[in-house]
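So for the sequence shown, the working numbering puts the first residue at 8; every next one is plus one.
Beta carbons are placed, not taken as given, at the ideal position from N, Cα and C, and that holds for glycine.
It should be emphasised that the depicted structure is a prediction, and the values quoted were computed from it without experimental measurement.
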Amino acid sequence: MHIYDLVIVGGGPGGYTTALYGARAGLDTIVLEKLSPGGQMALTTQIDNYPGVQAGADGYMLGESMRQEAEAFGAKTELTEVLSLELSENPKKIVTSDGEIYGKTVVMATGAGPRELGLPREWELTGKGVHYCAACDGMFYKGKTVVVVGGGNTAAADALLLSRVAKKVIVVHRRDQLRATKIYHQPLMKAENVEFWWNSAVVEIHGEKGLSGVTVENLITGQKQTVDCDGLFVSIGRKPVTGLVAGQLTLDEGGYIAADESTRTSIPGVFAVGDVRTKTVRQIITAAADGAVAVHYAEEFLASNA
């Protein structure tokens, strides 16, 4: 029975940075990825906010580059689906669609996906006018009209960011006031190019090759209105991929794995990196930083349990 030093579940930027640092440190390392390297990053066609990437980069290609770099130092990749985990075992057991894998340490890098509106055309137009991250894609809408859906902190932060770029920002929220913390209220209300549509919801998305507009329904009167817009930012929260560890690792109130900046979880030898863990900012660079930190503490764990 082969036992790896480091088993990484998820092949996004956090997972592959962990693999890179682990392999360079001489740890027997494997990445288990269900689909393809990159995670959510692979769905982004242009990345401008990752250091060293000039004139934008395709997320899929950047994910492939991260995989190749980690494998050049000896990390392995297995494209397989993880079905279950036994994290309290020693060694820890990972059951995949291709068999069982064992590791002295496990790093959870399963990420988090955006909550979708669930409307027809939404998936087809993702990246073609429909977006889930203003910090990632807001710069494409300089001087244009955008719609932001949501009323929490994420939506408010996205609307504020977009107000500095777009010609007009329409915030559509199901309630009659923002749920976001008060710090966002005053600057948003002062922004002359931000318009609020209260008690409303986006019920239709229009466009063939690209977004052309949305239909908004007033939830009190039932009246519908079609709005021409260039971009739609869905900011109604994210959903962490934690089904595999529910009941084993401690989760926070949002369902994310409870792990601080050390990336250590409630079970010794198990770490959480990237969007799946409790954190303030979820970006490619913060996921990559987590990977470097996780290896430091994984080495510490392995040394003390040799």
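Distance between I10 and Q53, taken at the CA atoms: about 38 Å. Setting aside the 5 residues that flank it on each side, L168 is surrounded in the same chain by A141, G145, each with a C-beta closer than 6 Å to its C-beta; the list follows chain order.
In terms of Cβ geometry, A173 and L195 do not form a close pair [threshold 9 Å]. A distance of 9 Å or more separates the beta carbons of V178 and G159. The Cβ atoms of A119 and Y263 sit closer than 9 Å to each other. Note: I101 is bridge-paired with L92, I108 in the DSSP secondary-structure output.
In the structure shown, the three-state DSSP call for D259 is coil. Here P58 is exposed: its Cβ has fewer than 16 other Cβ atoms, across all protein chains shown, within 10 Å. With a threshold of 16 other beta carbon atoms within 10 Å, P127 falls short and is exposed. Listed in chain order, the non-local C-beta contacts of G70 below 8 Å within the same chain comprise G18, G19, P20, Y23, S43, P44, G45, G46, M48, A49, local neighbours out to five positions each way being set aside. Cβ neighbours of P98 within its own chain (closer than 8 Å, five residues either side excluded): I10, Y109, G110, K111. Cβ contact annotation for E202 (same chain, cutoff 6 Å, sequence separation greater than five): I177, in chain order. For the pair T133 and A77, the CB atoms are not nearer than the 9 Å cut-off. By a beta-carbon distance limit of 8 Å, A82 contacts V38. Their separation comes to about 6 Å. The C-beta distance from R271 to F278 rounds to 6 Å, short enough to fall under 8 Å. Put simply, the backbone Cα of W204 is about 11 Å away from that of L226. Cβ atoms of K231 and V223 come within 8 Å of each other, at about 7 Å. Cβ-Cβ separation between V156 and V210: approximately 11 Å, too far for a contact (criterion under 8 Å).
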